[in-house]
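**Q** In our numbering, the protein residues as written are -7 to 172. Think of the CB as a built atom: it goes at the ideal place given N, C-alpha and C, for glycine as much as any other residue. The following block contains the structure, expressed as C-alpha cells.
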C-alpha cells in the first residue's frame, strides 16, 4: 500500500505545472529618463518547455503620481536552455488587461488595444532578469522600457531546496519514506 501511495504521489507531481514567483526590482525608462519603482511580483509558469510570464498590476509612476497600467502577460513562449539558464523571447502584440489592485479604480492598459511588446527574459530557479519594450510610438511617440531584476524565495514544499516544487521533491520524499 505504501508503494502504491508513493507511485500515485509521484504521478500527480509529474503532471503539475511549475510556477515560480519572483520579487523584482523594476526600472522604467521613458524618453531616456529612468525611474526605479517599488518591487513587483513576476510569475513564470512552465509546462513542457513552454512558458508564460506575467507582470500583474503594473503601475507607472510619473513623479509622485501613479498611472495604473494593468497586467502584462505573454503566453506559450518556447524556452531555450543554455549555459545554465532559460531564455524566452517574445515580440508580438498583446492586450494589457485590467489589474485587480483595489486601490485603483481605472486601468489604462485595457484602453490601449493591441500593444506591441518586445520581451527577453532570462531566469533560473532562484533569479530572473527581463527587459520589456512597450512600443507606444504610434500613440504617444515613445517606447517605454521596463527592466526587471528579481529573486524567488524557496518554495513551500521545496524539499530538496532547488527553487521549484517538482518531481525531484517527490523523489526526495520517496527516499525519506523508504529509508525508514
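Over the uninterrupted alpha helix (DSSP H) stretch that includes residue 132, give me the two end residues.
**A** Mapped onto the chain shown, residue 132 falls at position 140. 129 to 132 is the span of the alpha helix (DSSP H), which, as asked, contains residue 132.
**Q** Are residue 126 and residue 143 close, meaning C-beta to C-beta below 8 Å?
**A** Locating residue 126 in the chain shown gives position 134, counting from the first residue. Locating residue 143 in the chain shown gives position 151, counting from the first residue. No, the pair does not count as a contact, with Cβ atoms beyond the cut-off.
**Q** Cα separation between residue 19 and residue 40?
**A** Sequence index remark: in the chain shown, residue 19 carries index 27 (1-based). Sequence index remark: in the chain shown, residue 40 carries index 48 (1-based). Going by the C-alpha atoms only, they are around 31 Å apart.
**Q** Hey, out of 30, 78 and 74, whose CA is closest to residue 12's CA?
**A** The count along the chain shown starts at 1 and reaches residue 12 at position 20. Of 30, 78 and 74, the residue nearest in Cα terms is 78.
**Q** Could you pull out every residue in the same chain whose Cβ sits closer than 7 Å to the Cβ of residue 128, ignoring the five residues on either side in sequence?
**A** If you number the chain shown from 1, residue 128 lands on position 136. So the qualifying residues of the chain are 134, 135 and 136.
**Q** DSSP three-state label for residue 24, please.
**A** Here residue 24 refers to the residue found at position 32 when the chain shown is read from its first residue. In this structure, residue 24 counts as coil in the three-state DSSP scheme.
**Q** Note down the Cα distance separating residue 33 from residue 92, rounded to an integer number of angstroms.
**A** One-based indexing of the chain shown puts residue 33 at position 41. One-based indexing of the chain shown puts residue 92 at position 100. Residue 33 and residue 92: Cα-Cα distance of roughly 13 Å.
**Q** Taking 8 Å as the cut-off, decide whether the C-beta atoms of residue 88 and residue 102 are in contact.
**A** Walking along the chain shown from the start, residue 88 turns up at place 96. Walking along the chain shown from the start, residue 102 turns up at place 110. In this structure, residue 102 lies closer than 8 Å to residue 88 by Cβ.
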